[in-house]
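Q: Next up is a structure, given as structure tokens.
Below is the structure:
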């Protein structure tokens, strides 16, 4: 096996992959498992119940505690801090430490703090100094204390969904995401107030069997995060604003819904996310099917497999 261990490192494990480099003053305990082509920079600690995938970079000053699972192609910035016990006490050890999972291609910025028992989804970006208290969805960008989602990686935000919405602007706009369309309805305003209207199976392109509304969402919380096998959805933010991310496995695009005469059609097999709710937001969703839990795809990796991404 060909790997490099600096003479000043204390590496007790032999579970080390090809081409891995471990630098000075690293301590790795006997049962740690380290993948191939990994770079462990100086002054790091790796405990026993730790699994590190391939092509991982761990910068200086990081401690990887029991219960940590790190996927492939992960970047961990300097002095990022992991934990494995929610209520630690001196000389008191739980029977089993909480397991924390860092999925493939995650980047964790310098000085971030990751609380135990959570999952950081594939390709997520954790900003420097963020304090992550809850699981992070795949592709999400999180910042702050506590960490909150501010966007999604590789998301096209170039297409605005709204402009002046006079009657001559009414119509349907294709997007970069397969099957997803933005619909602009007429808005008629006079001294009595304003009115906007759409018709099921005409301007809204399916018959509706169910509706639901989302409102009183605390802060800028994320909702949605699923796809449907057969159900179509049509989303209108009737008050306030919220952002919708649509993802077909190849293209991802974000849309801001901020007026009641604009809606978005999410067909089956498109991953949908709603977030950035304003405090007064009311999101109306029309659905083509009655509720069926088996129609939901809630795991993003399963979704990517099903769409062949």
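Numbering (the numbering used here), first residue to last: 2 to 310.
Built from N, CA and C at the ideal position, the CB exists for glycine as well.
Count the other CB atoms, across all protein chains shown, that sit within 10 Å of the CB of residue 9; report buried if there are 16 or more and exposed otherwise.
A: Under this definition residue 9 is an exposed residue.
Q: Just list the residues that DSSP pairs residue 97 with in beta bridges.
A: Bridge partners of residue 97: none, in fact.
Q: Kindly list the residues whose CB is nearer than 6 Å to the CB of residue 94, restricted to its own chain and excluding five residues on each side of it in sequence; keep chain order.
A: No residues qualify anywhere along the chain.
Q: Could you tell me the distance, in whole angstroms, from the CA atom of residue 176 to the CA atom of residue 255?
A: Answer to the nearest angstrom: the Cα atoms are 10 Å apart.
Q: Hey, which unbroken runs of the beta strand (DSSP E) at 3 residues or more fall wholly within the region 104 to 151?
A: For the region 104 to 151, whole beta strand (DSSP E) runs of length 3 or above, ordered along the chain, are 141 to 144.
Q: CA-CA distance, residue 198 and residue 182?
A: Each residue's alpha carbon lies about 17 Å from the other.
Q: Which residues does DSSP list as the beta-bridge partners of residue 40?
A: In the DSSP output, where bridge partners are listed per residue, residue 40 has 22 and 58.
Q: What separation, rounded to the nearest whole angstrom, lies between the Cα atoms of residue 70 and residue 114?
A: Going by the C-alpha atoms only, they are around 16 Å apart.
Q: Which residues in the same chain as residue 180 place their Cβ atom closer than 6 Å to its Cβ, once the five residues preceding and following it in sequence are excluded?
A: Hits under 6 Å: 268.
Q: Hey, how far is the Cα of residue 214 from the Cα of residue 105?
A: Those two C-alpha atoms are separated by around 34 Å.
Q: Which partner residues does residue 212 have in the DSSP bridge list?
A: For residue 212, which the question treats as bridged, DSSP gives the partners 287.
Q: Let me check understanding here. Comparing Cα to Cα, which of 72, 57, 52 and 56 lies closest to residue 66?
A: Nearest C-alpha to residue 66: 52.
Q: For residue 66, which beta-bridge partners are listed by DSSP?
A: None, per the DSSP bridge assignment.
Q: Ignore the nearest five residues each way along the sequence and tell me which others in residue 100's own chain have a CB closer than 6 Å to its CB.
A: Result list for residue 100: 68, in chain order.
Q: Might you give, ordered along the chain, the residues of its own chain that have their beta carbon closer than 7 Å to the beta carbon of residue 310, omitting 5 neighbours on each side?
A: Once the five neighbours on either side are set aside, the close Cβ partners of residue 310 are 250 and 251.
Q: Taking the alpha carbon of residue 230 as the point to measure from, which residue in 279, 303 and 218 has its own alpha carbon closest?
A: Per the Cα distances, 303.
Q: To the nearest angstrom, how far is the alpha carbon of residue 184 from that of residue 138?
A: If you take the alpha carbons of residue 184 and residue 138, they lie about 28 Å apart.
Q: To the nearest angstrom, how far is the alpha carbon of residue 275 from that of residue 236?
A: Going by the C-alpha atoms only, they are around 10 Å apart.
Q: Count the other CB atoms within 10 Å of the CB of residue 128; is the residue buried (16 or more) or exposed (fewer)?
A: Buried: at least 16 other Cβ atoms inside 10 Å.
Q: Specify the secondary structure class of residue 303 as computed by DSSP and reduced to three states.
A: Helix at residue 303.
Q: Could you give the distance in angstroms between the alpha-carbon of residue 245 and the alpha-carbon of residue 187?
A: The straight-line gap from Cα to Cα measures roughly 21 Å.
Q: Give me the residue from 148, 73 and 285 with the minimum Cα distance to residue 110.
A: Among 148, 73 and 285, the Cα nearest to that of residue 110 is on 148.
Q: Mind checking whether residue 122 and residue 301 have CB atoms under 8 Å apart?
A: It is a contact, given that the beta carbons lie within the stated cut-off.
Q: Can you tell me the Cα-Cα spacing of residue 47 and residue 290, whole angstroms?
A: So the two alpha carbons sit approximately 50 Å from each other.
Q: How many whole angstroms separate the CB atoms of residue 234 and residue 178, which I take to be in contact at a CB cut-off of 8 Å?
A: Not quite, the Cβ-Cβ distance comes to about 13 Å (not below 8 Å), so this is no contact.
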